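The structure under discussion appears below in the form of structure tokens.
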Amino acid sequence: MHVIFISACQKRAIRRSRAILDSYALRAGERCWMSPMTTEGLQEVRAALARSATRQTSVACYQNDGRRRMKLLWIVGARGRFGPEGHFPAGYRRITTPVRVSEWVRHAGLAARLAGLLHDLGKYSLKFQKKLRGKAELADAVRHEWISLKLWQAVRSGMDWKTAWANVYTKRLEMFIGEREICNASRYGLASAQECVDALVSTHHGLFSSRLPCPEGRLVRENLPRPPDAALFTTWSEPEGSFWELAQRLDKRLSAAAVGMAGEAWIPYWRAVFLYARAALVFADHTVSALECPPDKNTSLAFANTHAAPDGRRLNQRLADHLSRVSEKAADLVWRMANLVERPEASLTGLQPCSLEAVLRPADPESRFVWQNTAADALAEAREAYPTSGALVFNMAGTGSGKTRMNVRAACVLSRSVTPRFSIALNLRSLTLQTGRALQCQLGLSDSDLATVIGDEVTRKLFNASNIKENIAAPWSDDDGNPAEPEALTSGGNWPLPAWLESFFPKPQERRIVGAPLLVSTIDYLIAAGEPHRQGHHVKALLRLMSADLVLDEIDSYEPESLVAVLRLVQWCAFFGRNVICSSATLSRPVAQAVEAAYASGAEMARALRHGKSACTDEEKSRSEAKTLYVLAFIDDALPPLIKAVPHVPEKGRAERAAALLALYDSRVSAQLEAIAALPVYRHAELLPMAEESVGTWMGAVTVGVQKLHARHALTDARSGVAYSFGLVRVANIATAVDVARHLAKELPQARVACYHANDWRIARFYKEKRLDFLLSRAQGDKHVTADREIRAFLDEAAREGRPDVPFIVVATPVEEVGRDHDFDWAVLDVSSAQSLVQAAGRVNRHRLRSCGDAPNIAVPQFNWRHCRNRDRGEPYVPAFCWPGYEGKGKDRYSIHDLAQILPWREGRLVITADVRLGEDCRLARRDDKAIAKRLFPYFGPEASEYSFVAERSPAALLSEWVYNETPLRNRMGRTETWRLGRDAERLGDVYEAFVYQGERRGSGGQWVERDERSFREVDALPNAWLWLDAETMRTQCEAVGVDEERALSAELVSYSDTDRWEYDKGFGIVRRPAAG
-5 MHVIFISACQ KRAIRRSRAI LDSYALRAGE RCWMSPMTTE GLQEVRAALA
45 RSATRQTSVA CYQNDGRRRM KLLWIVGARG RFGPEGHFPA GYRRITTPVR
95 VSEWVRHAGL AARLAGLLHD LGKYSLKFQK KLRGKAELAD AVRHEWISLK
145 LWQAVRSGMD WKTAWANVYT KRLEMFIGER EICNASRYGL ASAQECVDAL
195 VSTHHGLFSS RLPCPEGRLV RENLPRPPDA ALFTTWSEPE GSFWELAQRL
245 DKRLSAAAVG MAGEAWIPYW RAVFLYARAA LVFADHTVSA LECPPDKNTS
295 LAFANTHAAP DGRRLNQRLA DHLSRVSEKA ADLVWRMANL VERPEASLTG
345 LQPCSLEAVL RPADPESRFV WQNTAADALA EAREAYPTSG ALVFNMAGTG
395 SGKTRMNVRA ACVLSRSVTP RFSIALNLRS LTLQTGRALQ CQLGLSDSDL
445 ATVIGDEVTR KLFNASNIKE NIAAPWSDDD GNPAEPEALT SGGNWPLPAW
495 LESFFPKPQE RRIVGAPLLV STIDYLIAAG EPHRQGHHVK ALLRLMSADL
545 VLDEIDSYEP ESLVAVLRLV QWCAFFGRNV ICSSATLSRP VAQAVEAAYA
595 SGAEMARALR HGKSACTDEE KSRSEAKTLY VLAFIDDALP PLIKAVPHVP
645 EKGRAERAAA LLALYDSRVS AQLEAIAALP VYRHAELLPM AEESVGTWMG
695 AVTVGVQKLH ARHALTDARS GVAYSFGLVR VANIATAVDV ARHLAKELPQ
745 ARVACYHAND WRIARFYKEK RLDFLLSRAQ GDKHVTADRE IRAFLDEAAR
795 EGRPDVPFIV VATPVEEVGR DHDFDWAVLD VSSAQSLVQA AGRVNRHRLR
845 SCGDAPNIAV PQFNWRHCRN RDRGEPYVPA FCWPGYEGKG KDRYSIHDLA
895 QILPWREGRL VITADVRLGE DCRLARRDDK AIAKRLFPYF GPEASEYSFV
945 AERSPAALLS EWVYNETPLR NRMGRTETWR LGRDAERLGD VYEAFVYQGE
995 RRGSGGQWVE RDERSFREVD ALPNAWLWLD AETMRTQCEA VGVDEERALS
1045 AELVSYSDTD RWEYDKGFGI VRRPAAG
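Numbering (my numbering), first residue to last: -5 to 1071.
Spelled out as structure tokens, the structure:
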């Protein structure tokens, strides 16, 4: 291709860009280059420019597309210096237009400015100032932000500075926010400007820690000395100059601007204002605190913090200066965040034109992906009809229909900007790089289009097999006791940020997160956007949410409590007007209901913010009933798209609106299942009856199922005549997986048995995934399988020894169910839920889609393993469909565990489609739905509770950490241990070492300690174990890939008791064994 480069760089970027472009192309003018170039060469030029890009960089690339025109491919750096089609301006004209500031922006800005001025008043205490000078212990009995609030409340009531200090101790436990005692007098949250400011001051370092808002816990420690520490409640000095005059002037301005805007009807408004103002305050406090000031000779003044010096730490910022700077910056940031939400493309980079063109390219009309064209057209019409409304899309297309690609296409079509920005959030860390690579290959995207957030550097090296220097910082905490933020390790391009954002994202790794047009991330990083107590991490994730749409893949793969955390993201996306795309082939009724409730709640809160006073008048309500709140869309590969404009309704009508949308979901699913029933049968299950409800009988049933399915679906190798097949045995837990793998390896000596789960050395798991991804990618048939050196050797060996067949069996935990694009010939499935049955079955016949007719390719034991284990222990009433699964204890226990009764069999056979999970005939699915709803709806459901995130009058509990800690993304039960496979040079053997931390906090440093077989026992691999590596081969793999042995030969293992022991089966991985066992 022939390309032209035009440079509109400024200052130092002119010289840097010239040096790069001169290396690849010939100059055709002072700022113009042209050259024939390959696609690979062009990507190299773009990457080189991006690596050195700053705010002064702006280089456009054009391609001659053969139609008498030059097509803009991309722009590196500032896009605003070129027009939408890449035209360079002949001249500039400055036009001054009046800026209209919304009412809510004024309120949030004033609240943030006033709170910034007051937030650290408590640091004027004698105790805190001595602490900065190293003359007092670090922990305070009462936190400085709580003292700040009490001081301001006293001064606001008319007390002078010294009297206010004397008042702090006696009032320390009174939970007054504004004029209300939140803890006892009201269930509701912030309801006025005054309450908003008080909450900002008292929570700028974290939310309240008790179950209901109360200072005890994080703010006031129970071990407060008796008598109290006098230094803590004694002032060092008084704020200087006109401090109080400014504070009172701001307070009056805010009160005057918000007159008449108080009371329970205003709770949604002030909740929204609080979100913006608090994010701005935390942002400002972090960035101002990070500034280094010249040494100050006048050390008698009050200071805010310290800074590292060669001889220790020195006093850094004067407290008066710190309060003033934070106040001004917080107010400025509110305005900038509001602009970021309205026009993210003005500040941040979106997808380049060439990438957008590739994403929007129609699917082949003759392919099975043609449904995507119809869906994209319908979404484009909806965007044109409702240009300012956010959209909630449910993508319910079936397995193997291209949901991931359609999600990306939908995000681009629905974007209100010509340069779309969006994030793809995944449940599993291992899928981020896999998804990123798939998008690059399928859509032609490059590193300059997307960034991936990964768990650590070793993960990326194992995936890319490249050498990049590690840069992992240790956790830290500052003078204010802020928690350490997690290190964000990313890969991808580099995108310039506006100056106001750069100070908050000092590391290139972090800048990618907010700057990337397309972010592929494990949801663990973004989840902090819905967790205000995460402080700096919360604000950084929130900035990404403000500026990009959100794609949630496999939305129903989360446990209910984890889904609560995810739905907080959905709610805030709707609040910021962003589009949300949720994909799942088996989107259940309660999950769809909760997602819709979250999105509607966020959209209603945004409307309350935009309309201000008029939103609460009857006139406005009557006029706006017909106005669109957001757009709801259902798309799939079986039916035409369904688009509905969801209207705003008064509060009393929202239950009816939710019921109508639920009826819409029901009718849609019913029609979808009818269409699916007419399709050929790809996955057909049979029941494996069990004479006894015991683990031994269950193992026997699994063995019989494996033999029957292999005999029925084996393929014959043309060269050796040996029959082979690839089969999956899905079990619920790691210990069960290892036990089943050993059992099958002993019972079926002709088989090759692998065990795939999370408890393995990282290099070993990488090897297994790499091999399975290669062997089980079967869209083009099995030629690559029989040509594979290892498989070929097994088949030829069987032929030489006269063995007629070789079953290849993978025993796997649920890590196989979500995201692994594998195609097995058959499967034996241990059922944990209706969801697990459908998801695991989706790995069978996934690519080839051959009709199996009346020959079942899936087998299901009559009882699951956990039920049989409970029977063996004499505990028949203990839940069986759990860990994973939804069954609870007591009244929440399922009455029947017999899968012959609770799955919709027809003469012992079952066609497995989405109907098993979504249809009305499956008793297990209906019981699962009931359990999910019970755990999910108190937070995101049709009826308000004291912990509801969607209640019109948000409860006071949302100001405390408790509700967030009760619904984390990841279950925090157990203790994570780090182990590694080491080498003893003296004994010339392998050793197993645990990492022991020096302190209680992870990341505080430590050392590797060798353990004997009482803690870590080794078991030799069985002769027919498959896909395993010995220690030396793993070390060779580490060297070949270029990763550090210490990390690649390590494993993160979770124990639940101090008596737990580890057993390392060389063939099947590491398993936890309780000491009694």
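For every residue, glycine included, the Cβ atom is placed at its ideal position computed from N, Cα and C.
Here the structure is a predicted model, which means the values were calculated and not measured.
Distance between beta carbons of residue j and residue i, contact taken as under 8 Å
{"i": "P674", "j": "S845", "result": "4 Å"}
{"i": "L912", "j": "S582", "result": "7 Å"}
{"i": "H81", "j": "A187", "result": "That belief does not hold up - the Cβ atoms of H81 and A187 are roughly 47 Å apart, past 8 Å."}
{"i": "G596", "j": "F569", "result": "4 Å"}
{"i": "L226", "j": "V136", "result": "6 Å"}
{"i": "V747", "j": "A735", "result": "5 Å"}
{"i": "A510", "j": "A445", "result": "4 Å"}
{"i": "R562", "j": "F931", "result": "Going by Cβ atoms, the distance from R562 to F931 rounds to 15 Å, so no, they are not a contact pair."}
{"i": "V854", "j": "L703", "result": "Between L703 and V854 the Cβ distance is about 11 Å, and since that is not below 8 Å, they are no contact."}
{"i": "P584", "j": "I926", "result": "5 Å"}
{"i": "S719", "j": "A793", "result": "Between A793 and S719 the Cβ distance is about 16 Å, and since that is not below 8 Å, they are no contact."}
{"i": "V812", "j": "N421", "result": "6 Å"}
{"i": "D114", "j": "L386", "result": "That belief does not hold up - the Cβ atoms of D114 and L386 are roughly 41 Å apart, past 8 Å."}
Residue nearest to residue i in terms of C-alpha spacing, selected from the options
{"i": "S142", "options": "Q1031, M599, T228", "result": "T228"}
{"i": "E960", "options": "D819, M28, P554", "result": "P554"}
{"i": "P30", "options": "T48, N58, A42", "result": "N58"}
{"i": "M400", "options": "Y182, R330, I418", "result": "I418"}
{"i": "R852", "options": "R783, G721, R969", "result": "Note on residue identity: the sequence assigns Ile, not Arg, to residue 852. For the residues R783, G721, R969, the minimum Cα distance to I852 belongs to G721."}
{"i": "A632", "options": "P949, K638, A669", "result": "A669"}
{"i": "M599", "options": "C567, C3, E1040", "result": "C567"}
{"i": "Q311", "options": "W329, P304, R410, P288", "result": "P288"}
{"i": "V957", "options": "G796, T580, L201", "result": "L201"}
{"i": "A559", "options": "P808, W159, I521", "result": "I521"}
{"i": "S688", "options": "D866, T398, L295, V412", "result": "D866"}
{"i": "Y270", "options": "V99, L248, R887, E38", "result": "V99"}
{"i": "I(-2)", "options": "R12, C26, F268, A821", "result": "C26"}
Beta-carbon contacts of residue i that lie in its chain and below 7 Å, excluding the five residues immediately before and after
{"i": "L1074", "result": "Only positions -5 to 1071 of the chain appear in the structure, and residue 1074 is not among them; the question remains open."}
{"i": "S282", "result": "Reading the sequence as shown, one finds Val at residue 282 and not Ser. So the qualifying residues of the chain are H316, R319, V320, K323."}
{"i": "Q1001", "result": "V990"}
{"i": "E79", "result": "L66"}
{"i": "S823", "result": "As written in the sequence, residue 823 is Leu, which differs from the Ser given in the question. Cβ neighbours of L823 beyond the five flanking positions: R724, L831, A834, A835, I852, V854."}
{"i": "P798", "result": "V716, A717"}
{"i": "R265", "result": "G183, L184, M599, S948"}
{"i": "V663", "result": "L912"}
Beta-carbon contacts of residue i that lie in its chain and below 6 Å, excluding the five residues immediately before and after
{"i": "S119", "result": "L226"}
{"i": "A22", "result": "M28"}
{"i": "V1065", "result": "I728, A729, V732, E1057"}
{"i": "G879", "result": "S826, S827"}
{"i": "A72", "result": "S52"}
{"i": "S442", "result": "R40, A44, G487"}
{"i": "K5", "result": "Q50"}
Residues that DSSP places opposite residue i in a beta bridge
{"i": "T972", "result": "E1046"}
{"i": "Y750", "result": "A806"}
{"i": "Q57", "result": "V(-3), K65"}
{"i": "M28", "result": "I(-2), L20"}
{"i": "E339", "result": "Paired residue(s): none; E339 is not in a bridge."}
{"i": "T516", "result": "L420"}
8 Å CB neighbourhood of residue i in its chain, flanking five on each side removed
{"i": "L244", "result": "L104, R107, L108, L111"}
The ligand FAD heavy atom lying under 7 Å from the CB of residue i
{"i": "L66", "result": "Among the components modelled here there is no ligand, and therefore nothing to report on the ligand FAD."}
Length-filtered (3 minimum) beta strand (DSSP E) runs lying within the stretch 863 to 945:
903 to 905
Entirely within the stretch 551 to 591 and at least 3 residues each: give me those beta strand (DSSP E) ranges in chain order.
574 to 577
Can you list, in chain order, the stretches of the alpha helix (DSSP H) that have 4 or more residues and sit fully within the stretch 155 to 187?
155 to 165, 176 to 179
Considering only residues of the stretch 315 to 399, which uninterrupted alpha helix (DSSP H) runs meet the minimum length of 4 residues and lie entirely inside it, listed in chain order?
347 to 353, 365 to 379
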